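Read in order, the letters of the sequence shown are residues -28 to -1, 1 to 456 in mature numbering (1 follows the signal peptide of the UniProt record, and there is no 0).
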Amino acid sequence: MTPFAHFVRRLRVPAALSALALALGAQALSPQPWPPSWNDTPADGTDFSPVRFTAPQAADCHRLPAVREVPGPQAESQGRLRREAPMLEPAGASRARESAAAADEARAVSKSAAAAPAFAPPPSPAPKPRPQQEPAVTVTAGVVDDNADFGEYLAYRQRRAQGVTVRDRDVSERYPLEVVDADGRPVHDAEVAVQRPGVAEPVAWARTDTAGRVWLHPRAFLPGDGNADRVLGIAVRKQGAMGRATLTRGQAHAVQVRLDRAAPVARPRLDLVFLVDATGSMGDEIAKLKSSMLAMSQQIGKLPGQPDICYGLVAYRDKGDAFLTRTADFTDNLGAFQSALGRVQAGGGGDTPEALNEALAETVHGLAWRRDAVRLVVLVADAPPHLDYGGPQYDRDMQAALAKGIKLFPVGASGLDPSGEYVFRQLAQYTAGRFVFLTYRDGADPSSGPGSETVHDVRQYSVQTLDRLVVRLVREELAKLRRT
């Protein structure tokens, strides 16, 4: 039985809370501000600054991918600037600008061996996807769901917390929220605001997944130990319908919200992003991703409902390299996306941590995420983030990802150290994704070839080839959507 099914089965709402829920009631959104003020007496005078984000609002991705680059300090000193342009330009575009860009790239490469080919727009239209042969070497991977086996995940955190360098959030207190429509069916992508008594500004935001569910972790977003706020307000809205409920800390049942109208059914939308560490140690993983992308895309496109797919790409290195992040924003043009991916080359890096903080911030805040979409990020990397740069931090952006309804699926490549594993599992658990890790015949020796062994601190896990595993994870997310 799944954790949510277990909670729902035990659902017994006390009479007092039932009366409160009826009083708060589901009501039309239009005449009220969002979220509506919750006027219970404040528990104390402390406020908490919630994560800042922009809700998904793009209507479509029927365009060539806009490409932008944030150069590293080295590239900036060589005169390379951040560029924003379509991935592909029509014939007859300015040759002078192309020549200048080419000369600029040549100077950069000559001055630094760490510089890599940029996402320069090719002069011809998008190539049609061509069948590609599978690489000679198979890449196998395992997967664990830390929300499904939450007790083991908490035990893992206790075992590892003292030996890693991370930005931790206390997730030990966890509650499931389930949103249904007037017909009792799960509501996908409903906006959720969590409020403290007497404070209009929410302390946390979330969006429901394809099963109409989301996990809430009060200690992760409340100040101090969070014990001052024993009751929290939950406001939910979706396309003009609104509902309310309360969360009493310590309750053993799920929080359920019923909206006052039936949710419409539409063709599923899938926003799928590949967030790729492009430093020098990632050559094999990048090659595998390139060689299997067409097959994965074809399989995903044939899933039930034939999802409307948008592809996005964020590649990153580190501050000492030619670029920090390179982004190809969402497009439904698979050929253009493959062209962008094909120009990603492994290079640079040096020290173990990389610019994952900056890349995750770009992924969550910089891409044109669509409304009412299933939003998934596949992170492929072998190193933790730099925590000493200042600027964006991954723990805040995993909260922003939850607020925008983005699930993170980190893939730990060979060489991922214990700090990296801890961070990757944080990202996956908090956003209700899964932690994926490459496996080998000898877990301690990546050169031993594909197998089922790993050095990571995981117990029970299944193993598949990486491309099949990615398709499986997407299939499982889409399968929860209502079809009729």
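No residue lacks a Cβ here, since even glycine has one placed at the ideal position from N, Cα and C. What you are looking at is a predicted structure, and each value in this text was computed from that prediction instead of being measured.
Self-check item: the segment 180 to 197 contacting the segment 29 to 41, beta-carbon criterion three pairs below 8 Å
Solution: Contact fails: fewer than three Cβ-Cβ distances are below 8 Å.
Self-check item: Three-way DSSP call (helix, strand, coil) for LEU374 in this model
Solution: In the sequence shown, the residue the question calls residue 374 occupies position 402. Per DSSP, reduced to three states, the secondary structure at LEU374 is helical.
Self-check item: Close-in-space but distant-in-sequence residues of the same chain around ALA72 (CB under 8 Å, 5 per side omitted)
Solution: Here residue 72 refers to the residue found at position 100 of the sequence shown. Unreliable positioning characterises ALA72 in this predicted model, as indicated by a pLDDT of 41, which lies under 50. The coordinate reading is nonetheless provided below. Setting aside the 5 residues that flank it on each side, ALA72 has no residue in the same chain whose C-beta is closer than 8 Å to its C-beta.
Self-check item: Residue of GLN29, ASP304, ALA192, VAL427 minimising C-alpha distance to GLU393
Solution: Residue mapping note: residue 393 aligns to position 421 of the sequence shown, counting from 1. For GLU393, the closest of GLN29, ASP304, ALA192, VAL427 by C-alpha to C-alpha distance is VAL427.
Quiz item: Grouping DSSP H, G and I as helix and E and B as strand, with all else coil, what is PHE295?
Solution: Residue mapping note: residue 295 aligns to position 323 of the sequence shown, counting from 1. Correct three-state label for PHE295: strand.
Quiz item: Which runs of the alpha helix (DSSP H), 4 residues or longer, sit entirely within the segment 302 to 370?
Solution: Positions of the alpha helix (DSSP H) runs, each at least 4 residues long and wholly inside the segment 302 to 370, are given as 306 to 314, 328 to 333 in order along the chain.
Self-check item: Own chain partners of VAL430 with C-beta closer than 6 Å, once the 5 adjacent residues on each side are dropped
Solution: Here residue 430 is taken as the residue at index 458 of the sequence shown, counted from 1. If we look at VAL430 and ignore the five residues flanking it on each side, its Cβ neighbours are VAL116.
Practice problem: Closer than 8 Å by C-beta to residue 458: which residues in its own chain qualify, once you throw out the five before and the five after it? Chain order, please. | Solution: The requested residue 458 is not part of the displayed model; the chain covers only -28 to 456.
Quiz item: Once you ignore the five residues that flank ARG146 on each side, which residues in its own chain have a CB closer than 6 Å to its CB?
Solution: Against the sequence shown, residue 146 aligns to sequence position 174. Once the five neighbours on either side are set aside, the close Cβ partners of ARG146 are TRP187, HIS189.
Exercise. Kindly indicate the opening and closing residues of the alpha helix (DSSP H) around PHE407.
Key: The residue given as residue 407 occupies position 435 in the sequence shown. Following the DSSP letters along the chain, one finds PHE407 in no alpha helix (DSSP H) but inside the beta strand (DSSP E) bounded by residues 407 to 414.
Quiz item: Pick from TYR402, VAL171, ARG233: whose alpha carbon is nearest that of ARG368?
Solution: Here residue 368 refers to the residue found at position 396 of the sequence shown. With distances taken between Cα atoms, ARG368 lies closest to TYR402.
Self-check item: According to DSSP, residues forming a beta bridge with ILE206
Solution: Here residue 206 is taken as the residue at index 234 of the sequence shown, counted from 1. Bridge partners of ILE206: VAL166, ALA217.
Exercise. Under 8 Å Cβ to Cβ from ALA113, same chain only, skipping five residues before and after it: list those, please.
Key: On the sequence shown, residue 113 is found 141 positions in, with the first residue counted as 1. Result list for ALA113: VAL383, VAL408, PHE409, LEU410, THR411, VAL435, GLN436, THR437, LEU438, LEU441, in chain order.
Quiz prompt | For SER144, the three-state DSSP class (helix, strand or coil) | solution = For this step, residue 144 is matched to residue 172 along the sequence shown. If DSSP states are grouped into helix, strand and coil, SER144 belongs with coil.
Quiz item: Is the segment 120 to 131 touching the segment 154 to 167 in the sense that three or more CB pairs, one from each, lie closer than 8 Å?
Solution: Output reads no: the segment 120 to 131 does not touch the segment 154 to 167.
Practice problem: Please classify ARG447: is it buried, with 16 or more other beta-carbons within 10 angstroms of its beta-carbon, or exposed? | Solution: Here residue 447 is taken as the residue at index 475 of the sequence shown, counted from 1. Exposed, because fewer than 16 other Cβ atoms sit within 10 Å of the Cβ of ARG447.
Self-check item: Rounded C-alpha distance that separates TYR283 from ALA200
Solution: As a first step, residue 283 is located in the sequence shown; it is residue number 311 there, counting from the start. As a first step, residue 200 is located in the sequence shown; it is residue number 228 there, counting from the start. Distance from the CA atom of TYR283 to the CA atom of ALA200, rounded to whole angstroms, is 43 Å.
Self-check item: Inter-residue CB distance, ALA400 and ASP142 (contact presumed, cutoff 8 Å)
Solution: Looking up residue 400 in the sequence shown gives position 428. Looking up residue 142 in the sequence shown gives position 170. Actually they do not touch by this definition, with Cβ atoms about 17 Å apart.
Self-check item: Under the three-state DSSP convention, the category TYR288 falls into
Solution: Translated into the one-based positions of the sequence shown, residue 288 becomes position 316. Looking at TYR288 - three-state DSSP - the assignment turns out to be strand.
Quiz item: Is the beta carbon of ARG241 sitting closer than 8 Å to the one on ASP280?
Solution: By 1-based counting over the sequence shown, the position of residue 241 is 269. By 1-based counting over the sequence shown, the position of residue 280 is 308. With contacts defined by Cβ atoms closer than 8 Å, ARG241 and ASP280 form a contacting pair.
Quiz item: What's the C-alpha gap between HIS337 and ALA416?
Solution: Position 365 of the sequence shown, counting from 1, holds the residue named residue 337. Position 444 of the sequence shown, counting from 1, holds the residue named residue 416. Each residue's CA atom was taken as its position, placing HIS337 and ALA416 some 36 Å apart.
Quiz item: Which whole-angstrom value is the C-beta distance of LEU194 and VAL175, which I expect to be below 8 Å?
Solution: The sequence position of residue 194 within the sequence shown is 222, counting from 1. The sequence position of residue 175 within the sequence shown is 203, counting from 1. Between VAL175 and LEU194 the Cβ distance is about 6 Å, and since that is below 8 Å, they are a contact.
Quiz item: So what does DSSP say about LEU453, is it helix, strand or coil?
Solution: By 1-based counting over the sequence shown, the position of residue 453 is 481. Secondary structure of LEU453 (DSSP, three-state): coil.
Quiz item: Tell me the DSSP bridge mates of GLY123?
Solution: The residue you call residue 123 lines up with position 151 of the sequence shown. Paired residue(s): none; GLY123 is not in a bridge.
Quiz item: Nearest to GLY292 by alpha carbon, out of GLY277, GLY321, ALA234?
Solution: Working through the sequence shown from its first residue, we reach residue 292 at position 320. GLY292 has its Cα closest to that of GLY321, out of GLY277, GLY321, ALA234.
Quiz item: What's the call for ALA68, buried or exposed, on a 16-neighbour Cβ count within 10 Å?
Solution: Position 96 of the sequence shown, counting from 1, holds the residue named residue 68. With a pLDDT of 39 at ALA68, under the threshold of 50, the modelled position of this residue cannot be trusted; read the value that follows with caution. Taking all protein chains shown into account, ALA68 has fewer than 16 neighbouring C-beta atoms within 10 Å of its C-beta and is therefore exposed.
Quiz item: In chain order, what residues of the same chain have a beta carbon less than 6 Å from the beta carbon of GLY255, not counting five sequence neighbours either side?
Solution: Counting from 1 along the sequence shown, the entry for residue 255 is found at position 283. If the five residues before and after GLY255 are omitted, its C-beta is found closer than 6 Å to the C-beta atoms of ALA318, all from its own chain and listed in chain order.
Quiz prompt | Distance between PRO169 and VAL443 (C-alpha atoms, nearest Å) | solution = Against the sequence shown, residue 443 aligns to sequence position 471. Against the sequence shown, residue 169 aligns to sequence position 197. So the two alpha carbons sit approximately 43 Å from each other.
Quiz prompt | SER420 classed as buried or exposed, judged by whether at least 16 other C-beta atoms fall within 10 angstroms | solution = Counted from its first residue, the sequence shown places residue 420 at position 448. Here SER420 is exposed. Its C-beta has fewer than 16 other C-beta atoms within 10 Å.
Exercise. Grab me the residues of VAL136's own chain with a C-beta within less than 7 Å of its C-beta, minus the 5 sequence neighbours each way, in chain order.
Key: The residue given as residue 136 occupies position 164 in the sequence shown. PRO390, SER391, TYR394, listed in sequence order.
Quiz item: Is it buried or exposed for GLN134, if we count other Cβ within 10 angstroms and need 16 for buried?
Solution: Numbered from its first residue, the sequence shown carries residue 134 at position 162. Exposed is the call here.
Exercise. Figure out for me which residue from ALA235, LEU219, GLY222, ALA192 has the closest Cα to the Cα of residue 458.
Key: Absent from the structure is residue 458, since the part of the chain shown begins at -28 and ends at 456.
Self-check item: Helix, strand or coil at LEU380 [DSSP, three-state]
Solution: In the sequence shown, the residue the question calls residue 380 occupies position 408. Strand, per DSSP.
Quiz prompt | Terminal residues of the alpha helix (DSSP H) in which ALA400 lies | solution = Position 428 of the sequence shown, counted from the start, is the residue given in the question as residue 400. Here the alpha helix (DSSP H) through ALA400 covers 390 to 402.
Practice problem: Sort ALA385, GLY377, LYS452 by Cα distance to ASP161 and report the nearest one. | Solution: Within the sequence shown, numbered from 1, the residue matching residue 161 stands at position 189. Ranking ALA385, GLY377, LYS452 by Cα distance to ASP161 puts GLY377 first.
Practice problem: For GLN134, write down the residues that DSSP places opposite it in a beta bridge. | Solution: As a position in the sequence shown, residue 134 is number 162, starting the count at 1. None; GLN134 has no bridge partner.
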